[in-house]
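Numbering (the working numbering), first residue to last: 121 to 365. Note that CB positions come from ideal geometry on N, CA and C, so glycine has one too. Predicted model only: the values in this text are computed from it and were never measured. Just below is one structure, and these are the notes that go with it.
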Ligand SMILES: N[C@@H](CCC(=O)N[C@@H](CS)C(=O)NCC(=O)O)C(=O)O
């Protein structure tokens, strides 16, 4: 069976998981692979990496392109806007790839801040990370401008892979105490996109989870808490743990 190297938190891996679900494709999860397992799978040492028979791919953009071009969509048995049939549309390749690359830059900026945060470097105290946080705000304003309206994402009438990755990164931001934000009154199209995609069963099946060091997502209570809490709740894991002691 195809295998996906992933972590529960990676927004890039989550976008791949969501597309696998949209397409009705089974996969085995290699969750939080060790350094040795990562090194055996990919020279990037990163997740996601996908193994599908003799095809081994890393980088979510390449994996998403492969899945979109190799497998047709499963038939939809629920009320939802249509899921894109192509990674990039014929006649719009350059624009769709530019959008995807820009969304990936948003993801890299965000996960760089996150990974540094957990090693004790707050973005406000570091010039490069401060630039990453500033870049995010410029990128978010650009996305708001590129989204068509409050009923459509980057492409009229369907939910694209680019829409999905963008929302995965926003929902990652909502589930880390990083002092970052994406939501703002001046970005109603972004809010509408996140709300609409959250209603897709694939987003529910592969949820974004709160994460902080010390959490154990194999504990059902912690998993239930991680599934519902966001930064809007104003609580973090140490506070929740203390409230239960
Ligand atoms: N461009 C890559 C980025 C993947 C990435 O940054 N993965 C992170 C997790 S969100 C990772 O594996 N980080 C560990 C590391 O960089 O060593 C993609 O789109 O797949």
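Buried versus exposed call for residue 262 [16 or more other C-beta atoms within 10 Å across all chains shown] | exposed
Length of the line joining the Cα atoms of residue 288 and residue 346 | 15 angstroms
Does at least one heavy atom of ligand 1 sit under 7 angstroms from the Cβ of residue 208?
-> no
Residue(s) in a DSSP beta bridge with residue 151 = 126
Cβ-based neighbour list, residue 172, same chain, cut-off 6 angstroms, excluding 5 preceding and 5 following | 122
Taking the Cβ atom as the reference point for each residue, do residue 331 and residue 144 lie within a distance shorter than 8 angstroms?
-> no
Please work out which residues of its chain come closer than 6 angstroms, Cβ to Cβ, to residue 253, disregarding the five sequence neighbours upstream and downstream, and give them in chain order.
-> So the list reads 243, once near-sequence residues are dropped.
Just the C-alpha distance for residue 139 and residue 168, rounded to the nearest angstrom, thanks.
-> 13 angstroms
In the DSSP assignment, what are the bridge partners of residue 203?
-> 279
Short check: CB of residue 350 to CB of residue 295, under 8 angstroms?
-> yes
Exposed or buried, residue 183, counting other C-beta atoms within 10 Å across all chains shown (16 or more means buried)?
-> buried
Would you mind stating whether residue 223 and residue 266 have Cβ atoms separated by less than 8 angstroms?
-> no
With DSSP collapsed to three states, give me the class of residue 265.
-> helix
Excluding the five sequence neighbours on either side, which residues of its own chain have a C-beta within less than 8 angstroms of the C-beta of residue 329, listed in chain order?
-> 128, 129, 295, 337, 343, 346 and 347
Can residue 224 be considered in contact with ligand 1, in the sense that its beta carbon sits closer than 7 angstroms to one or more heavy atoms?
-> Taking 7 angstroms as the cut-off, one finds at least one heavy atom of ligand 1 near enough to the beta carbon of residue 224.
Under 8 angstroms between the Cβ atoms of residue 142 and residue 322?
-> yes
For the candidate residues 273, 125 and 293, whose alpha-carbon lies nearest to that of residue 202?
-> 273
At a cut-off of 7 angstroms, is residue 287 close to ligand 1 when judged by its beta-carbon and the heavy atoms of the ligand?
-> Taking 7 angstroms as the cut-off, the C-beta of residue 287 does not count as close to any heavy atom of ligand 1.
Using three-state DSSP, classify residue 355 as helix, strand or coil.
-> Reduced to three states, the DSSP call for residue 355 is coil.
How many angstroms separate the CA atom of residue 185 from the CA atom of residue 205?
-> Here the alpha carbon of residue 185 sits roughly 11 angstroms from the alpha carbon of residue 205.
Using a threshold of 7 angstroms, is the CB atom of residue 165 nearer than that to any non-hydrogen atom of ligand 1?
-> Using a cutoff of 7 angstroms, the CB of residue 165 counts as near ligand 1, since one of the ligand's heavy atoms is closer than that.
Which partner residues does residue 175 have in the DSSP bridge list?
-> 172
When the cut-off is 8 angstroms and only beta carbons count, does residue 264 lie next to chain D?
-> Annotation note: the requested chain D is absent from the structure, which comprises a single protein chain.
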